[in-house]
Structures are given as C-alpha cells and as structure tokens.
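Protein chains in written order, with our numbering: chain D, 51 to 354; chain L, 51 to 354. Glycine included, each C-beta is placed from N, C-alpha and C at the ideal position. Here is the structure we will look at.
Given below as structure tokens:
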C-alpha cells in the first residue's frame, strides 16, 4: 500500500454518496490534487512525473472514496493509466466495491474523428470531474454519475499548441525541440509531438486555426450553447490566455453559438511548457446545472 | 475618462461600505483584476503592461468604489503609481470623496531595512487587499481599514528570485539576461535586476537562502504565528512551488514559528518570468479573522 501516492478528501468517504476518483502522473498541477473536495473529487492516485500511478494507489483511492454507493473512476486515455486503473477496478470489485469508469478522449489533435475513442484525454476531463462531483453530491446513482460524464466526453473537444517544451526532471532534456519561429501544433500535455510543427503566428491567428478545427470536429452549430475553457499549459501568462479567449468568443458569436460559461487559466498543465489549449463543451440543462453547483476545492470553488 | 482602464465590481458602489481600490500596470495577472469582488477589491485601475494607470483611470476607480464611506487606495511603491494615485486622490478629495492610501513596501530585496519605507511593494499586497476588503465588508471605517492594511504591511516581508526573464511585448527583448547557470536574486516582479546574479542552486538551497533573509528582516521569532505565501512569477510550475513551500515550512518548524495559513500559487506574476517569491506575514487575531473571512472573486474565493 503506497499511501503517499493516494490523496483523499478530508471527510472521505461520504456515506451514501458515489465516490469520484481520478489520477495520473504528476506534473499537471492543479490537476489532479487541486480539485479534491466538496462537489468534485473524493480521492486521486498520483504517479511520478508524467508516469501512471501504480494500481495499488488507484485501489487505495477507490477504497477511500467508497461511501457505500460505488465509485466512479475517471481517467484520461493513456495506456498506463487505463491498465493500472483497470487492475484497480478489478481489485475494488473483488473487495465488493461497485465500480464504473469513464475514459476521456477530448483531444481532437491526437487522432481522426472516425477513431475518436482512441484519442487522448486532456483538460476536458476537468468538466467531467466537476459534473461527476456535482451529480454525486446531488445524490446521483453510480450509473447516473457515469452517464453524466459520458455526456461531457461526448460533447467536449480540445486542441492544444505549444511554443516551448517542458523538461521532465528525471530525463533532464526537453520533451521536444522547436526552432525560434516554430510552434508544436496539436501538442499533448506531456509534450507529445503534435500533428505538425508550424510557423509561429499571432495569438489571434493560431487561436482561430485551433478553434475552427475544434468547432468542425463535433461539430458545434448555430443555436448550440457551449462552455469555453482556455487552458494554459504552464508557461503562458494569463494575460495572453485572455487574448486567445477573446478570439474564440468572437468566432462563436459570428457562428451564433451561445457561450454559457467561460473558464480561463491553468487547469491542466505540462510543467513549464508554454502554450495553451482551446476546449468547447456543448451544454444542456443538466450540464449547466451541474457546472454551476457548489464546489469547494483548493484550486476551484463555486460559491452557492 | 478612460473607462476601459477601470474595472469595477459589478455591484459597486456598495452603499455604506468603504471602497477598496488598487491598480498598476498590466502583466501581473491574476493581479489586479482577478481579485475584484465581494470581500476584496471594489475597483482597479490598470495601465499598459508594466506601466502605471493614468490618474483619471485611478480617479474613475475611486468614484466607482465610493459608497459614501470613503475610499482606501492601496498601491505598491513605484514612482509612477504613487504619482498617479496621488493625483487621483487629490481629484477624489476635490470631488468630496474621503480618501486614504497605504503604500506597500514588502520587498526586502529592494532596499536596506533602515530604509524599509523606500522598498518596492510586491505580492505581499495580496494580503492587504484581502484584509482591507474583509475589514470594509465587516463595516470598518476608512481609518480602521487603513490601519488594518498598515498592520499587514508592517508585518509582511517578501523576497523573489528568477531563473528566466520576461519580454514586454512593446519592447520585444528580455528584461534581463542570465547565463544558463545563473539566477537573478532579489528580482522585482517586472524583472528589475536584483541584488546579485548568483549561481543556480537546488530549489531547497535557494529557498533556504531566501527564507533566512526574510525571517531575519522583520525578524520573525519563535512563538510567532505567520502566513506563508509562495508566489509563482509566471513560468514556474505549481509543483515546484510546493517544493519551495516544503522547505519554508521546515525552516519555520525548526524555529518554532507557527504556520497559521498557507498560500501557494500564482498571485502576482511578471508575464512569463520563471521564478518565485517567499512571503511571510506575522499574524494576530484580527489578521487571522480577516484573512479567513468570506471572499468571492474570480481568482480567490473563501467559502464561509
């Protein structure tokens, strides 16, 4: 039992509430531990930097979160995470804990639309944690919490870009290299190579290119209502994220896509990587209600 | 009237409450506008990047914040800010608005202790905004709000270090240059040169050096209770800030200085500059109560 790799909400387990857990490698702060608390996550399992947590840590998280109504495992689509959480899910089931899982796949830059289920999960997971946590807090069953997060994943798309890499301490060299005039398009939040190295362009230009690809993927259409999430990857000033936000908002306005809520800041980073991502989530009444439900975590709070 | 340079709380002015305003150059997000809201700031005046806001913008902020009980102007000790806010204060007084101001000077790296009043104000101002906002929300008079912030400033000390500069867009070149193996010690949050370029050292080593200088400046002593604020300057991952926090906490424990509250994250940045600062504030019962009072702003919330 590697307790130091499991971080648990102070009052867990909450009796009669579905437990919501996630996890993954370190280096993505405030994800994952910054979102533990009332209305969001009950426990997380954390690995070394950019490395999946061990199965026992995931199992410990599930046990700690189990309030008698089952546990929902939320994870991104990475081989190590999927494997280790599957082992943890098997252990939990053997221990009599009902378990369901949802694997997020919001990164349109990591695979074609025809194979959307193979895409990576990136910052769109934040919406899943918020929605699952709110649904669980409202008394939702394990199946209802799972269905709400599946709806999030089905309606969420993200695309990222980086202008400088990060360096994993254990490796000691940058995750990728770029010339002064290059950007890594469709980068992953571990610095995975994107679909192309492209010439640098202005914040408005790159945001427009990314937003168009995101809009066309679902696609998001006139009359839809969406949430916008502009996520800083670690080394990009918040001021610049707002410049990107402005462009996304303009493009949605032009297409008569309504913006229901907006999130701008660092939610899921890749150490000191400079760059950002654009995420859209199509909203319905249930998702709007769950997004705005109270939450009290170190890095995200919604006041009732 | 340059309304675009004044950002105001949605329900301002709050009748019968002292208005609390601040301001300064842009490029420090989430400061200043991220801290506008219930229990903190009523309005801020913002300038171009790293440039003081014009006096009329400061005056507009004061007018917008005036709920009939006067306005408290909080600013850092920079020549342009001091001059422009003084002009705004004169305009406000001429318009019949009672005004007081407190100039923060928490940066121990910017001058000797004997001339502490000449030091720069840096991220310690965050504590002043929180305390003033809470005091005002609790019905404090203009003099009482001012006295509370003066107590904050008298008990708060900060020291920063950078390992890479930022680039102001209008200038287009880095604010300073460092060799691969150098750090800028006692740097300002605009990238002002510090007291020395020093050889790089580990996070624990540099944190220990900075913390010792901060502790010895006030000095903070055995039996004191303090708040710790580890502020990222923009390009430093939150994960690394927690490594620095751990060292500060160890050093305070060794000296039997009690830690009453902890703040780790980006509160006052210098664009994409990589680095961090260590801030300590000595607490008393009043400051503890005001720090933990409810607040509801985009970038800082305290749930009642």
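Just checking: is the beta-carbon of residue i within a distance shorter than 8 Å of some beta-carbon in chain D?
i, result
"residue 381 of chain L", "The structure shown does not extend to residue 381 of chain L, since chain L spans only 51 to 354, so no value can be given for it."
"residue 101 of chain L", "no"
"residue 324 of chain L", "yes"
"residue 351 of chain L", "yes"
"residue 343 of chain L", "no"
Taking DSSP as the reference, what is the three-state secondary structure of residue i?
i, result
"residue 149 of chain L", "strand"
"residue 280 of chain D", "strand"
"residue 296 of chain D", "helix"
"residue 55 of chain L", "helix"
"residue 138 of chain L", "helix"
"residue 271 of chain D", "coil"
"residue 132 of chain D", "helix"
"residue 183 of chain L", "helix"
"residue 233 of chain L", "strand"
"residue 255 of chain D", "helix"
"residue 90 of chain D", "coil"
"residue 67 of chain L", "coil"
"residue 122 of chain L", "strand"
"residue 79 of chain L", "coil"
"residue 84 of chain L", "helix"
"residue 101 of chain D", "coil"
"residue 248 of chain D", "strand"
"residue 261 of chain D", "helix"
"residue 95 of chain L", "strand"
Are the C-beta of residue i and some C-beta of chain L separated by less than 8 Å?
i, result
"residue 284 of chain D", "yes"
"residue 51 of chain D", "Low local confidence applies: a pLDDT of 45 at residue 51 of chain D is under 50, so the model's placement there is unreliable, with the coordinate-based value given in what follows. Closer than 8 Å: no."
"residue 61 of chain D", "no"
"residue 346 of chain D", "yes"
Give the residues of chain D in contact with residue i, contact being defined as C-beta atoms less than 7 Å apart.
i, result
"residue 79 of chain L", "287, 288, 289"
What residues of chain D sit near residue i, judged by a beta carbon separation below 9 Å?
i, result
"residue 76 of chain L", "289"
Note down, in chain order, every chain L residue with its Cβ under 9 Å from the Cβ of residue i.
i, result
"residue 321 of chain D", "287, 289, 290"
Against chain B, does residue i count as a neighbour if the rule is that its beta carbon must be under 8 Å from one of theirs?
i, result
"residue 257 of chain L", "The question asks about chain B, but that chain is absent: this structure's protein chains are D and L."
Review point. Quick check: the stretch 244-255 of chain L against the stretch 306-319 of chain L, are there 3 or more CB pairs under 8 Å?
Key: no
Practice item. Taking 8 Å as the threshold, find out whether the stretch 156-176 of chain D comes into contact with the stretch 63-71 of chain D through three or more Cβ pairs. Key: no
Review point. Would you call the stretch 179-198 of chain L and the stretch 298-308 of chain L touching, i.e. three or more CB-CB distances under 8 Å?
Key: no
Practice item. Please determine if the stretch 199-210 of chain L and the stretch 108-117 of chain L are in contact, where contact requires at least 3 C-beta pairs separated by less than 8 Å. Key: no
Check your understanding: With a cut-off of 8 Å, do at least 3 Cβ pairs link the stretch 260-270 of chain D to the stretch 223-230 of chain D?
Key -> no
Practice item. Mind listing, in chain order, the continuous alpha helix (DSSP H) runs of no fewer than 4 residues lying wholly within the stretch 157-227 of chain L? Key: 175-187, 192-204
Review point. Contact between the stretch 117-134 of chain L and the stretch 76-90 of chain L: three or more CB pairs below 8 Å?
Key: no
Review point. Are the stretch 319-334 of chain L and the stretch 51-65 of chain L in contact at 8 Å, needing three or more beta carbon pairs?
Key: no
**Study point:** Validate contact between the stretch 330-344 of chain D and the stretch 143-159 of chain L using beta carbons, cut 8 Å, 3 pairs
**Key:** no
Exercise for review: Flag this pair as touching only if the stretch 98-105 of chain D and the stretch 142-149 of chain D have three or more C-beta atom pairs under 8 Å; answer yes or no.
Suggested key: no
Review point. Below 8 Å, can you find three or more Cβ-Cβ pairs linking the stretch 324-331 of chain D to the stretch 282-290 of chain D?
Key: yes
Check your understanding: Of all the beta strand (DSSP E) runs that stay within the bounds of the stretch 310-352 of chain D, which reach a length of 3 or more residues?
Key -> 324-332
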